[in-house]
Amino acid sequence: MTTYLFAGGGTAGHVNPLLATADRLVQRDPDATVLVLGTAEGLEARLVPERGYELLTIPRLPFPRRPNGDVLRFPGRWRQTVAQVRKILHDHHVDVVVGFGGYASAPAYRAARLEKLPIALHEQNAKPGFANRLGARWTRFVGTTFASTKLAHSTVVGLPLRYEIETLDLPPARSEGRAMFDLDHRMPTLLVTGGSTGALRINESVSQSVAALLGSGWQILHITGSRSPVADPGLPGYHLIEYCDRMDLALAVADLAISRAGAGTLAELAALGIPAVLVPYAAGNGEQAYNAQDAVNAGGAILVTDEAFTPDYVRSELPALLRNRALIADMAARMVSVGVRDGADRMVDLVLAARDSAPVPGQVA
């Protein structure tokens with residue numbers, strides 16, 4: 001029996017692929033034990049126990065980015081956290097460490113290195129984070145979502161997807177989704193979404209341009225998210241909802257999407273062959289713009305900066321795109337060319353390869 005410590009969390013972008021990989025690993029190796037290392041503040045604190053895995057927590061330890069007192073205190077805190085993880089590895093007889101980035105991953109990689117345990121890791125973004133840049137130096141088993149990711153020893157495995165997306169049967173799901181959202185089966189559907197919390201720029205620019213988009217012969221399914229509500233103009237063909245708990249069906253009905261460029265969103269769009277107008281989130285370290293490049297370079301998506309995605313842009317540029325059904329069909333074929341549906345299995349292959357790389361106890365190297 002092998003015990004794996006999965007490290008990562010903070011955001012859904014880190015937690016969801018971690019859970020997808022853990023689920024697939026247990027399916028393929030029912031005797032495996034999976035523990036998850038995270039923080040008490042991250043989304044993993046809720047999602048991991050809900051999925052049935054034991055969560056072990058360590059203090060949230062961000063790397064200081066400014067020359068202040070935290071810089072002086074960081075080395076001591078780092079050593080303490082690594083020591084805490086080493087104790088976890090000992091107490092739980094961990095055989096393999098699997099990281100997905102985020103605050104918990106860096107000390108987990110260091111502890112595994114000191115304990116001479118095999119490491120596998122997954123980088124979801126095209127622009128790697130600090131933790132995975134560190135961990136990739138200590139293992140050959142590095143999976144990435146995007147081909148453009150520059151990370152040592154990396155192999156493209158795609159993003160481990162939610163099971164309902166990975167196994168989505170599009171024709172029946174499309175029919176079910178049209179019925180659920182009260183959509184006209186004779187019309188193409190534009191899906192507008194900014195994620196679970198929403199995207200104010202996307203919501204406002206689309207909301208102020210609904211008439212022009214509907215005039216192109218399309219219907220709109222607009223999922224606003226919880227933090228960026230907009231008024232419903234009440235026009236036929238415009239379907240406004242705040243929250244959608246069946247995003248698999250929302251994706252199934254989409255002929256084109258307007259969305260942010262988070263790794264999870266992009267991976268699902270590409271896996272299902274949904275062309276997109278991508279509006280990367282402008283904050284953070286700009287990772288969403290990097291994420292979009294593979295799809296844009298393949299011709300499956302159009303990138304528009306957050307600043308440029310105005311009501312004037314939507315009204316002047318998008319109707320022509322919507323009327324060009326041949327171009328959208330070509331974009332769909334190009335989008336699916338960069339998609340990966342079996343990312344969970346590919347990542348599990350890497351994890352098992354890391355496990356098998358460990359020397360047998362008593363074996364002479």
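Quick note on numbering: the working numbering labels position 230 of the sequence shown as 230, and the sequence is numbered without any gaps. All residues carry an ideal CB built from backbone N, CA and C; glycine is no exception.
Would a C-beta distance cut-off of 8 angstroms place residue i and residue j closer than the cut-off?
| i | j | result |
| --- | --- | --- |
| A136 | L151 | yes |
| E123 | T155 | no |
| L37 | A112 | no |
| L159 | G343 | yes |
| G9 | T39 | yes |
| R355 | T57 | no |
| V253 | F309 | no |
| A7 | F100 | yes |
| A261 | A292 | yes |
| L436 | L318 | Residue 436 lies beyond the range of the chain shown here (1 to 365); nothing can be said about it. |
| S205 | V314 | yes |
Using the Cα positions of residue i and residue j, report the straight-line distance between them to the nearest angstrom.
| i | j | result |
| --- | --- | --- |
| L183 | G217 | 13 angstroms |
| I165 | V48 | 19 angstroms |
| V98 | A320 | 46 angstroms |
| T265 | A353 | 28 angstroms |
| E50 | S226 | 22 angstroms |
| V348 | E242 | 35 angstroms |
| E54 | Y290 | 34 angstroms |
| P233 | V304 | 25 angstroms |
| L191 | D345 | 29 angstroms |
| S259 | E44 | 24 angstroms |
| D95 | L134 | 20 angstroms |
| R186 | R341 | 28 angstroms |
| F146 | A263 | 9 angstroms |
| V364 | I328 | Legend: pLDDT at V364 = 46, less than 50; position of this residue unreliable, value from coordinates given subsequently. Those two C-alpha atoms are separated by around 59 angstroms. |
| V279 | L170 | 25 angstroms |
| G143 | T189 | 34 angstroms |
| L61 | N297 | 36 angstroms |
| F141 | G215 | 51 angstroms |
| Q302 | Y4 | Contrary to the premise, residue 302 reads as Ile rather than Gln in this sequence. If you take the alpha carbons of I302 and Y4, they lie about 40 angstroms apart. |
| W138 | V351 | 14 angstroms |
| I88 | P17 | 23 angstroms |
| V12 | L121 | The residue asked about is misnamed: residue 12 is Ala in this sequence, not Val. Each residue's Cα considered, the two are about 17 angstroms apart. |
| V230 | Q80 | 47 angstroms |
| R46 | H14 | 13 angstroms |
| A332 | A295 | 10 angstroms |
| G76 | D91 | 23 angstroms |
| L35 | Y163 | 20 angstroms |
| G52 | D255 | 36 angstroms |
| S357 | P172 | 43 angstroms |
| V26 | A106 | 24 angstroms |
| V85 | H153 | 25 angstroms |
| D29 | A211 | 53 angstroms |
| L221 | S316 | 20 angstroms |
| A104 | P359 | 26 angstroms |
| T224 | I119 | 39 angstroms |
| V157 | L235 | 43 angstroms |
Select from the options the residue whose C-alpha is nearest the C-alpha of residue i.
| i | options | result |
| --- | --- | --- |
| E207 | T189, Y238, G195 | Glu is not the amino acid found at residue 207; the sequence shown has Ser there. That would be Y238, whose Cα lies nearest to the Cα of S207. |
| L249 | V82, R178, D312, T265 | R178 |
| S228 | L200, G215, L214 | L200 |
| E287 | T3, P59, K127 | K127 |
| A282 | I202, M331, A326 | I202 |
| D312 | V15, A276, S209, R246 | S209 |
| L168 | L251, W138, L5 | L251 |
| G195 | P17, Q219, C244 | C244 |
| A326 | Q84, P275, H222, G101 | P275 |
| G42 | L318, P59, L240 | P59 |
| G300 | G129, L161, D330 | D330 |
| Q219 | A295, I119, P172, R323 | R323 |
| T193 | A173, D23, R246 | R246 |
| G102 | N125, R24, P236 | N125 |
| A83 | R24, A22, E115 | E115 |
| H93 | A106, P30, L117, A104 | L117 |
| D23 | I119, W78, L161 | L161 |
Between residue i and chain C, is any beta-carbon pair separated by less than 8 angstroms?
| i | result |
| --- | --- |
| A211 | Although the question refers to chain C, the structure presented lacks it and comprises just one protein chain. |
Consider the C-beta atom of residue i and the heavy atoms of the ligand ADP; say whether any pair is separated by less than 7 angstroms.
| i | result |
| --- | --- |
| I258 | The ligand content of the structure shown is nil, which means the ligand ADP is not present either. |
Is it a yes or a no for the segment 326 to 342 touching the segment 268 to 275, going by three-plus beta-carbon pairs under 8 angstroms?
The segment 326 to 342 vs the segment 268 to 275: in contact.
At what residue ranges does the segment 18 to 88 contain a whole run of the alpha helix (DSSP H), taking only runs of 4 or more?
Residue ranges of uninterrupted alpha helix (DSSP H) with 4 or more members, entirely inside the segment 18 to 88 and ordered along the chain, are 44 to 50.
Fully enclosed by the segment 183 to 220, which alpha helix (DSSP H) runs are 4 residues long or longer?
The alpha helix (DSSP H) runs lying completely inside the segment 183 to 220 and spanning 4 residues or more are 200 to 207, 210 to 214, given in chain order.
Along the chain, which unbroken stretches of the alpha helix (DSSP H) at least 4 residues long are found entirely within the segment 232 to 310?
DSSP runs (the alpha helix (DSSP H)) wholly in the segment 232 to 310: 247 to 252, 263 to 272, 287 to 291, 293 to 298.
Tell me the start and end of each unbroken beta strand (DSSP E) in the segment 117 to 150 that is at least 3 residues and wholly inside, in chain order.
Counting whole runs of 3 or more residues, the segment 117 to 150 contains the beta strand (DSSP E) stretches 119 to 123, 141 to 144.
Runs of 4 residues minimum, wholly inside the segment 310 to 349: which ones carry the alpha helix (DSSP H) assignment?
Runs of the alpha helix (DSSP H) inside the segment 310 to 349: 311 to 323, 325 to 336.
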